[in-house]
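Engineer: Pasting a structure below so you can have a look.
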Amino acid sequence: MTAAAATQNELRPGFVELAYGEPDPRLLPVDAVWRAAARTLAEGGSAAIAYGSAQGPSILRGALAARMSAHEGVAVGADDVVVTGGNSQALDQALTVFAEPGDSVLVESPTYNLALLTIGDHPVEVAGLPHDEGGLDVEACAATVHALRAQGRRPCLLYTVPTYHNPTGVCLREDRRAALVALAAAEDLILVEDDVYRELAYDGEAPPALWSLDPDAPVLRLGTFSKSLAPGLRVGWLTGRADLRARFAAAGMIESGGCPSQFAATVAGELLASGEYDSHIATLRAAYRSRRDALVTALREHAPPGCDFVVPRGGYFIWLGLPARLTSRVLVTHADRRRVSFIPGGRFSTSGGDTHLRLAFSLYDEATLAEGARRLAAAIRDAQRASA
Ligand SMILES: Cc1ncc(COP(=O)(O)O)c(C=O)c1O
Numbered sequence: 037m038t039a040a041a042a043t044q045n046e047l048r049p050g051f052v053e054l055a056y057g058e059p060d061p062r063l064l065p066v067d068a069v070w071r072a073a074a075r076t077l078a079e080g081g082s083a084a085i086a087y088g089s090a091q092g093p094s095i096l097r098g099a100l101a102a103r104m105s106a107h108e109g110v111a112v113g114a115d116d117v118v119v120t121g122g123n124s125q126a127l128d129q130a131l132t133v134f135a136e137p138g139d140s141v142l143v144e145s146p147t148y149n150l151a152l153l154t155i156g157d158h159p160v161e162v163a164g165l166p167h168d169e170g171g172l173d174v175e176a177c178a179a180t181v182h183a184l185r186a187q188g189r190r191p192c193l194l195y196t197v198p199t200y201h202n203p204t205g206v207c208l209r210e211d212r213r214a215a216l217v218a219l220a221a222a223e224d225l226i227l228v229e230d231d232v233y234r235e236l237a238y239d240g241e242a243p244p245a246l247w248s249l250d251p252d253a254p255v256l257r258l259g260t261f262s263k264s265l266a267p268g269l270r271v272g273w274l275t276g277r278a279d280l281r282a283r284f285a286a287a288g289m290i291e292s293g294g295c296p297s298q299f300a301a302t303v304a305g306e307l308l309a310s311g312e313y314d315s316h317i318a319t320l321r322a323a324y325r326s327r328r329d330a331l332v333t334a335l336r337e338h339a340p341p342g343c344d345f346v347v348p349r350g351g352y353f354i355w356l357g358l359p360a361r362l363t364s365r366v367l368v369t370h371a372d373r374r375r376v377s378f379i380p381g382g383r384f385s386t387s388g389g390d391t392h393l394r395l396a397f398s399l400y401d402e403a404t405l406a407e408g409a410r411r412l413a414a415a416i417r418d419a420q421r422a423s424a
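The working numbering puts the first residue of the sequence shown at 37, with every later residue one more than the last.
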């Protein structure tokens, strides 16, 4: 019997599955993880597989602190970092620790569809905020905070993906970044900054994280290795204001079991310390940049008039606007017949959203992405003919 593992999504034979925002398995660094795991056990011994400390293994926290200090313009020490089980776990834990029943959680609309599920696991109300090509509308956010307070509600946190947003691919404009952090400080609104795509920057460096603009503002910045290394490790980390970090690390689950993913987190620490992480990121950037370009070129060539999109400067996604009167929900059946998939925009929205759909360019090579764009264009034409 082999040790072949079951994975989250089954790809349908013959389909081009542009729905799945996950790394190409061929780009997962199996050999480097193998070597780092061997070193972890050889050098760490039983500590590598014992319960971990609340903040996580020091090899990882130290390496992350050095990397953030070098790249993000903020002096970070190992004690300023809390290891997490990835951004979904960290969001869930933030809600457990900071949200009271009946509180309002603010989100961009559209936002990461599965974050809506995580938030839905908690007894809170969701309030959607407008989002455009410059990212979150910060003035609308301020107005919503005030309106909720006037209704006697408590807006406890804003979940935001300001850098290479899922699903739209856009970055929050720099003036809006400063305004959002100032708003959070003034209103004592916790910003949960999901920074999952920061390393996947294809046209220059990513804009500064919200957290790095004002370490005294109530921001928790969530980083993860899911896109930059391997999602099956389930390892991430968190930086942010000391009191928020401390409450986070004191959660009951951490008291009970120590940091999540102690072994995998130590392996990630080995990969950072050895320099293999940096060279892997360079490989990913080149590979995904080329895939982004291939999908952009093919969509420009094949998509019917009325389709539009903003070229993302990083991340995994293109957010495609459909011609007038066509909805992404209606398009699903036509796309199925053409053997191509996407996620309809409504899944990312707190209301509406079906004028758009999300395409991921992470999973396939350039030629397959071009074929996917041709099939999608044909499906859009089929849908237009069917509704004429
Ligand atoms: C915006 C966003 N946040 C979080 C995640 C998942 O992160 P993790 O694997 O660290 O839980 C994803 C994965 O697609 C994502 O797009």
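Note that the Cβ used here is the ideal one computed from N, Cα and C, for glycine as well.
Less than 8 Å between the beta carbons of F345 and R394, yes or no?
Structural biologist: Your numbering for residue 345 matches position 309 in the sequence shown. Your numbering for residue 394 matches position 358 in the sequence shown. Taking 8 Å as the Cβ cut-off, F345 and R394 do not qualify as a contacting pair.
Engineer: Quick one: does the C-beta of G109 sit closer than 7 Å to a heavy atom of ligand 1?
Structural biologist: As a position in the sequence shown, residue 109 is number 73, starting the count at 1. No, ligand 1 has no heavy atom inside 7 Å of this Cβ.
Engineer: Taking 7 Å as the cut-off, is the CB of G122 close to at least one heavy atom of ligand 1?
Structural biologist: Against the sequence shown, residue 122 aligns to sequence position 86. Indeed, a heavy atom of ligand 1 lies less than 7 Å from the Cβ.
Engineer: Taking 7 Å as the cut-off, is the C-beta of A318 nearer than that to any heavy atom in ligand 1?
Structural biologist: Locating residue 318 in the sequence shown gives position 282, where the first residue counts as 1. Result no, Cβ not under 7 Å from ligand 1.
Engineer: List the DSSP bridge partners of F353.
Structural biologist: What you label residue 353 is simply residue 317 of the sequence shown in a count that begins at 1. Beta-bridge pairing links F353 to A396.
Engineer: Rounded to whole angstroms, how far is the Cβ of A419 from the Cβ of H370, which I believe are closer than 8 Å?
Structural biologist: In the sequence shown, residue 419 corresponds to position 383, counting from 1. In the sequence shown, residue 370 corresponds to position 334, counting from 1. The Cβ separation is near 5 Å, so the contact holds.
Engineer: Buried or exposed: where does Y87 fall if 16 or more other Cβ atoms within 10 Å of its Cβ makes it buried?
Structural biologist: Stepping through the sequence shown from its first residue, residue 87 is reached at position 51. Result: exposed.
Engineer: Any heavy atom of ligand 1 closer than 7 Å to the Cβ of N202?
Structural biologist: Here residue 202 corresponds to residue number 166 of the sequence shown, with the count starting at 1. Yes, since a heavy atom of ligand 1 falls inside the 7 Å radius drawn around the Cβ of N202.
Engineer: DSSP three-state label for D279, please.
Structural biologist: Position 243 of the sequence shown holds residue 279. Correct three-state label for D279: helix.
Engineer: Between L54 and S377, how many whole angstroms is the CB-CB distance? I'm expecting something under 8 Å.
Structural biologist: Here residue 54 refers to the residue found at position 18 of the sequence shown. Here residue 377 refers to the residue found at position 341 of the sequence shown. Confirmed, about 6 Å.
Engineer: Taking the alpha carbon of V110 as the reference point, which residue from S398, Q298, G408 and L246 has its own alpha carbon closest?
Structural biologist: Here residue 110 refers to the residue found at position 74 of the sequence shown. Among S398, Q298, G408 and L246, the Cα nearest to that of V110 belongs to L246.
Engineer: So, using beta-carbon positions, are G268 and I95 closer together than 8 Å?
Structural biologist: Reading the sequence shown from its first residue, position 232 is the one you call residue 268. Reading the sequence shown from its first residue, position 59 is the one you call residue 95. It is not a contact, given that the beta carbons lie outside the stated cut-off.
Engineer: If you measure from the CB of T132, is any heavy atom of ligand 1 nearer than 7 Å?
Structural biologist: Looking up residue 132 in the sequence shown gives position 96. No, since every heavy atom of ligand 1 falls outside the 7 Å radius drawn around the Cβ of T132.
Engineer: DSSP has E229 in a bridge; who is on the other side?
Structural biologist: On the sequence shown, residue 229 is found 193 positions in, with the first residue counted as 1. In DSSP, E229 forms a bridge with T196 and R257.
Engineer: Leaving out the 5 sequence neighbours to the left and right, which residues in its chain are closer than 8 Å to L219 when beta-carbon positions are compared?
Structural biologist: Counting from 1 along the sequence shown, the entry for residue 219 is found at position 183. Hits under 8 Å: V174, C177, A178, V181 and L225.
Engineer: Cβ of G293 within 7 Å of any heavy atom in ligand 1?
Structural biologist: Walking along the sequence shown from the start, residue 293 turns up at place 257. Incorrect: G293 has no Cβ contact closer than 7 Å to ligand 1.
Engineer: Rounded to a whole number of angstroms, what is the C-alpha to C-alpha distance between A126 and V133?
Structural biologist: Here residue 126 is taken as the residue at index 90 of the sequence shown, counted from 1. Here residue 133 is taken as the residue at index 97 of the sequence shown, counted from 1. A126 and V133: Cα-Cα distance of roughly 10 Å.
Engineer: DSSP has T120 in a bridge; who is on the other side?
Structural biologist: Locating residue 120 in the sequence shown gives position 84, counting from the first residue. Paired residues: G272.
Engineer: Take the Cβ of E46 as the centre, count every other Cβ of all protein chains shown within 10 Å, and call the residue buried at 16 or more, exposed below.
Structural biologist: Start at 1 with the first residue of the sequence shown, and residue 46 comes out as number 10. E46 should be labelled exposed.
Engineer: By a C-beta neighbour count over all protein chains shown, 10 Å radius and 16 as the cutoff for buried, is A409 buried or exposed?
Structural biologist: Taking the first residue of the sequence shown as position 1, residue 409 is located at position 373. The residue in question, A409, is buried, as its Cβ has 16 or more Cβ neighbours within 10 Å.
Engineer: Please find out if some non-hydrogen atom of ligand 1 comes closer than 7 Å to the beta-carbon of D230.
Structural biologist: Taking the sequence shown and counting its residues from 1, the one referred to as residue 230 is at position 194. Yes, since a heavy atom of ligand 1 falls inside the 7 Å radius drawn around the Cβ of D230.
Engineer: Any idea if V33 is buried or exposed, counting beta-carbon neighbours within 10 angstroms, 16 or more meaning buried?
Structural biologist: Given a span of 37 to 424 for the chain in the structure shown, any question on residue 33 remains unanswerable.
Engineer: If you draw a straight line from the alpha carbon of G122 to that of S423, how long is it in whole angstroms?
Structural biologist: As a first step, residue 122 must be located in the sequence shown, where it is residue number 86. As a first step, residue 423 must be located in the sequence shown, where it is residue number 387. Near 43 Å, if we compare the C-alpha coordinates of S423 and G122.
Engineer: From the DSSP output, read off the bridge partner residues of P159.
Structural biologist: As a first step, residue 159 is located in the sequence shown; it is residue number 123 there, counting from the start. According to DSSP, P159 bridges with nothing at all.
Engineer: For G205, which residues of its own chain have a beta-carbon under 7 Å away from its beta-carbon, when the five flanking residues on both sides are left out?
Structural biologist: Translated into the one-based positions of the sequence shown, residue 205 becomes position 169. Excluding positions up to five away in sequence, the list reads V346, P348, G351, F353, I354 and W355.
Engineer: Taking the alpha helix (DSSP H) that S315 falls in, what are its first and last residues?
Structural biologist: For the purposes of this step, residue 315 is taken as residue 279 along the sequence shown, with counting starting at 1. Looking at the DSSP string, the run of the alpha helix (DSSP H) that includes S315 is E312 to H338.
Engineer: Between R185 and P191, what straight-line distance do the alpha-carbon atoms span, to the nearest angstrom?
Structural biologist: Taking the first residue of the sequence shown as 1, we reach residue 185 at position 149. Taking the first residue of the sequence shown as 1, we reach residue 191 at position 155. Going from the Cα of R185 to the Cα of P191 covers about 7 Å.
Engineer: Would you say T260 touches ligand 2, meaning its beta carbon is less than 7 Å from a heavy atom?
Structural biologist: Absent from the structure shown: ligand 2. Ligands present: ligand 1.
Engineer: Please list, in chain order, all residues of the same chain as V332 whose beta carbon is under 6 Å from its beta carbon, the five residues on each side excluded.
Structural biologist: Counting from 1 along the sequence shown, the entry for residue 332 is found at position 296. Excluding sequence neighbours, V332 sits near V347.
Engineer: Is the beta carbon of V119 closer than 8 Å to that of A301?
Structural biologist: On the sequence shown, position 265 is the one that residue 301 refers to. On the sequence shown, position 83 is the one that residue 119 refers to. Yes, Cβ-Cβ distance for A301 and V119 is below 8 Å.
Engineer: Mark H392 as exposed unless 16 or more other C-beta atoms lie within 10 angstroms of its C-beta, in which case mark it buried.
Structural biologist: Walking along the sequence shown from the start, residue 392 turns up at place 356. So H392 ends up on the buried side.
Engineer: Apart from the five residues just before and just after E291, which ones in its own chain have a Cβ nearer than 6 Å to its Cβ?
Structural biologist: Here residue 291 refers to the residue found at position 255 of the sequence shown. There are no such residues.
Engineer: Among A266, L308 and G288, whose alpha-carbon lies nearest the alpha-carbon of T43?
Structural biologist: For the purposes of this step, residue 43 is taken as residue 7 along the sequence shown, with counting starting at 1. If we check each option's Cα against that of T43, A266 comes out closest.
Engineer: Contact between the segment 161 to 173 and the segment 198 to 216: three or more CB pairs below 8 Å?
Structural biologist: Output reads yes: the segment 198 to 216 touches the segment 161 to 173.
Engineer: List the residues that DSSP assigns as beta-bridge partners of I379.
Structural biologist: Translated into positions along the sequence shown, residue 379 becomes position 343. In the DSSP output, where bridge partners are listed per residue, I379 has R394.
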